[in-house]
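Structure record follows, encoded as C-alpha cells.
Number of protein chains: 2
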Amino acid sequence: MEGMKKINTAPISGMQELLPGLQAEFNRFKSEIAEVFARHGFQNIETPMIERSEILLAKAGGDTEKQIYKVVKTAEAAEGADQALRFDHTVPLARYTVEHMNDLAFPFKVSQIGRNFRGERAQRGRFREFYQCDVDVIGWNTLPVAYDAEVILTLIDALKTLPILSFRVRVSNRKILSGMLEELNLQHLAAEIFNIVDHAEKVPAEVTEKALEELGIGSENVVRITTFSQIRGRRTEVIPRLEALGFTGETFRAGLGELSEVMQLLETQVGEVAEAETDETAGRRAAQHVSVEADMLIVRGLDYYTGTVFETMTEHRELGSICSGGHYEDLAGYYTDQKLPGVGGSIGLTRLFFLMRELGLVTESEAKPVDICVVPISRNEYAAAEELARQLRAEGKRLDVVLSDKKLGDKMKYAAKVARAAVVVGEDEARTGEYKVKDLETGETRAL
Amino acid sequence: MEGMKKINTAPISGMQELLPGLQAEFNRFKSEIAEVFARHGFQNIETPMIERSEILLAKAGGDTEKQIYKVVKTAEAAEGADQALRFDHTVPLARYTVEHMNDLAFPFKVSQIGRNFRGERAQRGRFREFYQCDVDVIGWNTLPVAYDAEVILTLIDALKTLPILSFRVRVSNRKILSGMLEELNLQHLAAEIFNIVDHAEKVPAEVTEKALEELGIGSENVVRITTFSQIRGRRTEVIPRLEALGFTGETFRAGLGELSEVMQLLETQVGEVAEAETDETAGRRAAQHVSVEADMLIVRGLDYYTGTVFETMTEHRELGSICSGGHYEDLAGYYTDQKLPGVGGSIGLTRLFFLMRELGLVTESEAKPVDICVVPISRNEYAAAEELARQLRAEGKRLDVVLSDKKLGDKMKYAAKVARAAVVVGEDEARTGEYKVKDLETGETRAL
C-alpha cells in the first residue's frame with residue numbers, strides 16, 4: 021500500500037494526528053474538562069490563533085521568540101512578518117481582556133481550550149501544535165487569594181475525568197522565598213536562587229548545596245535556603261515551621277498569610293473531594309484519591325507568578341507535573357495601565373494524552389463510534405432502514421446505515437468494525453416493523 | 021478607558037472574537053452540529069492546522085495560492101516556506117485518508133469541525149479564520165450514490181439545530197449537463213457554460229442568454245441549455261422533463277439515474293423530517309420546514325465535483341446557500357493511485373453565525389453562563405459555600421462562588437451579571453444547611 025503513495029502524506033512532525041478511535045477518546049477528555057470548567061462558573065472564550073506579532077512579543081525574549089511561528093500571506097520576506105501564531109493562551113487572554121474590559125464582569129472567570137503552536141525542536145513527545153486547557157480568574161485592581169484555591173479546586177475536578185487514580189497538589193507561595201531574600205539582602209540573586217530551588221528535586225542534595233555555595237552567599241544562607249526548601253506537609257505543620265525560620269518582613273508575612281488561607285480552603289474541600297465518588301463523572305472509575313500539601317520546593321520557573329504557585333503530581337512519576345499555574349500580579353501590564361491581577365492554571369492535554377497512551381492508560385478499544393449499525397439487505401429496504409435509524413437517533417443513539425450493494429457478509433464485517441450492535445432490515449422486517457438487534461461482541465440477538 | 025490602552029488590542033481584522041455570552045451560543049451550535057454528525061455515524065477527526073505547502077498546493081492555482089498563509093519559524097525568508105495553514109478541511113482529509121488508509125474502515129464516514137485560514141481581503145462579513153463543519157463519506161474504489169442522500173440528510177439534521185425555520189435543499193447532478201455538452205460536442209466550452217448556469221440566478225435571463233450566445237454555440241443550443249437550466253421540482257416532474265430533452269448518451273443517462281435515486285431517498289425521508297418535531301433538539305423551537313427539490317440551476321463552481329451537487333436556501337434570501345457540497349470522483353488523486361471516491365458537504369459556521377447575528381437570530385441574552393451563584397456573606401462561610409456548590413455541581417448545575425470582601429450589594433450585582441439565581445450563605449444557613457434560592461430575574465425566593 022505504501023508504494024501507492026505519490027508524495028509523503030505523514031503529518032509534519034510534532035503534530036498530533038489520531039485515528040478516529042483515539043480521537044474520540046481525546047475529544048471525550050476535552051469535553052469533560054470543558055464541562056467541569058463550566059460547572060465551576062468559568063466562561064469559555066476563543067481568541068484567534070493568529071495575532072499581531074507586536075502583541076505576542078510585547079514580553080518576549082528567550083525561547084518564546086525563537087519558537088514562534090510567523091505567518092505571512094504571500095511570498096513577502098518573513099523579516100517584516102507582523103502576524104504570528106499564538107504560543108499560549110495567556111498572551112491572547114491579556115489582549116482580549118484589555119480589548120473588551122468594558123463589557124466583562126469582574127472578577128472575570130474565563131476558560132480557554134484550544135490549540136497553541138511552538139516551533140520546538142522535533143523530539144518524541146514534544147509537540148509543535150498542542151491543546152492547552154486553561155482557567156483564569158482576573159480581578160479589577162484586586163483579586164482575593166481565595167480564588168487561588170478556587171482555580172486549584174476546578175483543575176482537580178477536571179483532572180478527575182482522566183484515567184489517573186491519585187493526584188497530589190503541591191502548593192507554595194513565591195512571596196515567602198522572595199521575602200526571605202529581601203531580608204537577607206540577596207534580591208539581586210533571586211533569579212538564580214529560585215532556579216536552583218526549582219531544580220533541587222531533580223538533583224542530589226549536594227548539587228543543590230554546591231550551586232548555592234557558588235553564589236557566594238555564605239554557608240548560613242545556604243542552610244537557611246535548603247532548610248526552607250525541605251519544608252512540606254499540611255498547613256498546621258508547615259506554617260509554624262516557616263514562622264520558626266525567623267523572618268518578619270512584610271513580603272514574607274504576606275506570603276505566609278496567603279499560603280495559610282489557600283491551604284485552609286483546599287484542605288477543607290479536598291478532604292471531601294476524595295470521597296465525592298457519587299459524582300457521575302468520577303462514578304464510572306475506580307476510586308480516585310486527591311491530596312494537597314504545602315511544598316516549598318515548588319517555585320515555578322516563570323517570574324510571571326508573584327504569589328501562589330502549584331504543581332500536580334500523580335501516581336505516575338514519569339508524567340511529571342500534569343497541571344500547574346499560579347497567581348500573577350498583573351495580566352496585561354504591556355497593553356494597559358489598568359491593573360489586572362489574576363490566577364490561572366493549565367492542563368497540557370496533547371502532551372498528557374500522549375503520555376497516557378505510552379502508559380497504556382488510554383486505548384481506542386472502548387470507543388466504537390456507532391451504537392447500532394442498520395444493515396438493509398437490498399436497496400428496497402433503504403427507506404425502512406433510514407426511517408428506523410431516524411427513530412433511534414431521536415433517542416440519542418448513534419446510528420449508521422450501510423448503503424452498499426455488497427453481500428450481507430461484507431456489510432456485517434463493516435458493521436462489526438464501527439458498531440457495537442447491528443439490525444438487519446430485510447423484506448419481512450421492513451413490512452412488519454419488527455426488528456432484532458444483534459450484539460456484535462457476544463453474538464446474542466434480542467428484539468429491538 | 022480606551023485612553024488606558026498602550027497598544028492596539030483589537031484582534032486582526034477578519035478574525036472572529038466573541039464576548040462570552042455570544043461565544044456560549046456559538047459553542048452550543050458547534051456542539052449540537054457535532055452531536056448530529058455523531059448520531060449519523062460519522063467519526064470525528066482532527067488534522068493539524070499546519071501542513072507542508074507541498075500537500076496544500078498539490079492542486080492549487082487561482083485564489084487558493086494567493087490566499088494561503090505561509091508559516092515560518094524564524095526570520096527566514098518566506099520564499100522557501102514549506103509549511104502553511106490549511107485553508108479547508110478537504111485537502112488535509114485527503115492526506116489523512118491516504119496516510120491512514122490501512123487503518124480505516126471504508127466507507128469512511130468522517131466529520132471535521134475546526135478552524136481554517138484564508139488571507140482574504142479584509143471586508144465586513146469575510147473571515148480570514150473561520151470554522152467549517154464538514155461531513156464526508158469516502159469509498160474504496162466505489163461509493164454508492166445512496167451516500168449522497170445520507171450526507172444531505174445528515175446536514176439537514178445539523179442545520180435544524182440553528183434558529184432558522186425553513187430549509188430548501190436544491191439538488192442536481194453535474195453529469196446531466198456534462199452529458200448534454202458531450203452529445204452537443206461542446207465539451208471544450210464546459211467550464212464557461214457551467215459558469216454561466218451557475219450565475220444564471222443572479223442576473224436577468226437576457227444576460228444569461230447573451231453570455232451563451234457569445235460563446236458561438238448557435239441559438240438552438242442556447243435554447244437547449246436555458247430550457248435545461250429552468251427545470252426544477254419533485255423527482256416525478258423533473259425526470260420526465262429531463263428525459264424529454266432527448267439526450268441518450270451514457271453520461272447523461274448516468275446523471276439522470278443518480279439524480280433519480282438520490283431524490284427518491286431524500287423525498288421519502290424529508291417529508292417525514294418536517295414532522296419530526298418530537299426530536300429533543302427541534303422540540304424547543306418553532307416548527308421547522310424542510311423541503312427538497314431537484315433544480316438544474318445548481319451546478320457548483322468547483323470542477324472538483326463530478327456527480328450530485330447541492331445547495332441549501334433558507335427563508336432568509338440574504339444568507340445565500342448556507343450548506344453545500346457534492347460527490348467527487350477521487351479525493352486524493354494527487355497523493356495516491358488508489359481511487360477514493362467520496363461525497364461531502366460543509367456548513368460555514370463562522371460566516372453563518374455572523375449573518376444570523378446581523379439578522380437578529382442570535383443574541384447573547386439567553387445565555388447566562390451560571391445557573392446559581394453562591395454568595396457567602398463573609399470569609400467564615402467560604403467553606404460552607406464551596407461545599408454547597410460542589411453538591412449542586414454533582415447534579416450537573418453550573419455554579420459560581422463569589423469570593424470577595426466587598427459588600428453584599430456588590431456581590432449580588434456581580435451575581436446578577438453572570439447567573440440566573442443566587443443563594444446567600446450567612447452564618448445561619450451555614451449552620452443549618454437550609455438555603456434559599458433567589459431568582460435574579462423575577463426576585464422570587466424559594467427553598468433550595
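First to last, the sequence lines map onto chains F and L.
Heads up: the first sequence begins at 21 in this note's numbering, then just goes up one per residue.
Heads up: the second sequence begins at 21 in this note's numbering, then just goes up one per residue.
Note that CB positions come from ideal geometry on N, CA and C, so glycine has one too.
Inset, instruction - State the DSSP-derived secondary structure class of ALA442/L, mapped to helix, strand or coil. - result: In the structure shown, ALA442/L sits in a strand (DSSP, three-state: E or B).
Inset, instruction - Apply the 10 Å Cβ neighbour rule to ASN122/F and answer buried if 16 or more other Cβ atoms are within range, or exposed otherwise. - result: With fewer than 16 other Cβ atoms within 10 Å, it is exposed.
Inset, instruction - Check whether the Cβ of GLU292/L lies closer than 8 Å to any Cβ atom in chain F. - result: Note on GLU292/L: pLDDT 46, under 50, position unreliable in the model; the coordinate value appears next. With 8 Å as the cut-off, GLU292/L counts as an interface residue toward chain F.
Legend entry - Opening and closing residue of the alpha helix (DSSP H) in which GLU378/F lies: For GLU378/F, the enclosing alpha helix (DSSP H) starts and ends at 369-378.
Legend entry - Reference ASN28/F; option with closest CA among LYS359/L, LEU408/L and ALA352/L: Ranking the options by Cα distance to ASN28/F, first place goes to ALA352/L.
Inset, instruction - Could you tell me the distance, in whole angstroms, from the CA atom of ARG466/F to the CA atom of ALA142/L? - result: Straight through space, the alpha carbons of ALA142/L and ARG466/F are spaced by roughly 59 Å.
Legend entry - Own chain residues within Cβ distance below 7 Å of GLU292/F, not counting five before or after: With a pLDDT of 46 at GLU292/F, under the threshold of 50, the predicted position of this residue should be treated as unreliable, though the coordinate-derived value follows. Around GLU292/F: no qualifying Cβ.
Inset, instruction - Output yes if chain L places a C-beta closer than 8 Å to the C-beta of GLU349/F; else output no. - result: Residue-level contact check: GLU349/F does not touch chain L, since none of the beta carbons of chain L fall below 8 Å from its beta carbon.
Legend entry - beta strand (DSSP E) segment containing SER186/F, residue limits: It spans 186-193 - the beta strand (DSSP E) in which SER186/F sits, taken as one unbroken run.
Inset, instruction - Mark ASP156/F as exposed unless 16 or more other C-beta atoms lie within 10 angstroms of its C-beta, in which case mark it buried. - result: Looking at its Cβ environment, which holds 16 or more other Cβ atoms inside 10 Å, ASP156/F is buried.
Legend entry - Delimiting residues of the alpha helix (DSSP H) encompassing ALA307/L: If you look at ALA307/L, you'll find it isn't in any alpha helix (DSSP H); DSSP assigns it neither H nor E.
Inset, instruction - Report buried or exposed for GLY416/L, applying the criterion of at least 16 other Cβ atoms within 10 angstroms of its Cβ. - result: Exposed: under 16 other Cβ atoms inside 10 Å.
Legend entry - Option nearest VAL242/F by Cα separation, candidates SER249/F, GLN250/F and GLU233/F: For VAL242/F, the nearest C-alpha among the options comes from GLU233/F.
Inset, instruction - Using a Cβ-Cβ cut-off of 8 Å, state whether MET69/L counts as contacting chain F. - result: Yes, because at least one Cβ of chain F sits closer than 8 Å to the Cβ of MET69/L.
Inset, instruction - Take SER424/F and list the residues in its own chain whose beta-carbon comes closer than 7 Å to its own, dropping the five residues that flank it on each side. - result: Result list for SER424/F: LYS431, in chain order.
Legend entry - Proximal residues of chain F, C-beta to C-beta of PRO389/L below 9 Å: For PRO389/L, the C-beta contacts it makes with chain F under 9 Å involve ALA58, GLY61, PHE62, GLN63, ASN64 and LYS129, in order along the chain.
Legend entry - DSSP three-state assignment for MET121/L, whether helix, strand or coil: The DSSP-derived three-state label of MET121/L is helix.
Inset, instruction - For the beta strand (DSSP E) containing THR332/F, list its first residue and its last residue. - result: Start and end: 328-334.
Inset, instruction - Answer with yes or no whether the minimum CB distance from TYR469/F to chain L is below 8 Å. - result: Nothing in the structure corresponds to residue 469/F, since chain F is present only between 21 and 468.
Inset, instruction - Kindly list, in the order they appear in chain F, the residues whose Cβ is closer than 8 Å to that of GLN132/L. - result: Within 8 Å Cβ-Cβ: nothing; GLN132/L doesn't reach chain F, min ~10 Å.
Inset, instruction - Using a cut-off of 9 Å between C-beta atoms, extract the partners of GLN103/F located in chain L. - result: Residues of chain L passing the Cβ test: ILE32 and TYR89.
Inset, instruction - Report the neighbours of LEU285/F on chain L: residues whose CB is nearer than 8 Å to its CB, in chain order. - result: Going along chain L in sequence order, the residues near LEU285/F (Cβ under 8 Å) are TYR402, ALA403 and GLU406.
Inset, instruction - Please state whether DSSP places VAL457/F in a helix, a strand or coil. - result: Reduced to three states, the DSSP call for VAL457/F is strand.
Inset, instruction - Report, in whole angstroms, the separation of the C-beta atoms of VAL319/L and ASP168/L, which I expect to be a contact under 8 Å. - result: With 8 Å as the limit, VAL319/L and ASP168/L do not qualify as a contact, their Cβ atoms being about 15 Å apart.
Inset, instruction - Return the CA-CA distance between LEU262/F and THR288/F, expressed in angstroms with no decimal places. - result: In a straight line, the C-alpha of LEU262/F is about 21 Å away from that of THR288/F.
Legend entry - Those runs of the alpha helix (DSSP H) which lie wholly inside the region 106-182 of chain F and span at least 4 residues: The region 106-182 of chain F contains these whole alpha helix (DSSP H) runs: 110-119 and 166-179.
Legend entry - Distance between GLU202/F and LYS195/F (C-alpha atoms, nearest Å): About 10 Å.
Inset, instruction - May I ask you to verify whether the region 171-180 of chain F touches the region 205-213 of chain F, counting CB pairs closer than 8 Å and requiring at least 3? - result: The count of Cβ pairs closer than 8 Å, one atom from the region 171-180 of chain F and one from the region 205-213 of chain F, stays below three, leaving the stretches out of contact.
Inset, instruction - Step through the CB atoms of chain L and report whether any lies within less than 8 Å of the CB of ALA166/F. - result: Answer yes: the Cβ-Cβ gap between ALA166/F and chain L drops below 8 Å somewhere.
Inset, instruction - Kindly identify the DSSP beta-bridge partner or partners of ILE19/F. - result: There is simply no residue 19/F to check, as chain F begins at 21 and stops at 468 in what is shown.
Legend entry - Distance, ARG252/F Cα to GLU335/F Cα: So the alpha carbons of these two residues sit roughly 18 Å apart.
Legend entry - 6 Å CB neighbourhood of ILE184/L in its chain, flanking five on each side removed: The answer, listed in chain order, is THR334.
Legend entry - VAL312/F vs LEU286/F beta-carbon contact at 8 Å: The Cβ atoms of VAL312/F and LEU286/F lie closer than 8 Å to each other.
Legend entry - Residues sharing a beta bridge with MET35/L, DSSP: According to DSSP, MET35/L bridges with GLU149/L.
Legend entry - Residue range of the unbroken alpha helix (DSSP H) whose run includes ALA467/L: Looking at the DSSP string, ALA467/L is not in any alpha helix (DSSP H); the run it does join, the beta strand (DSSP E), is 465-467.
Legend entry - CA-to-CA distance, LEU265/F to ARG244/F, given in whole angstroms: One C-alpha to the other measures close to 8 Å.
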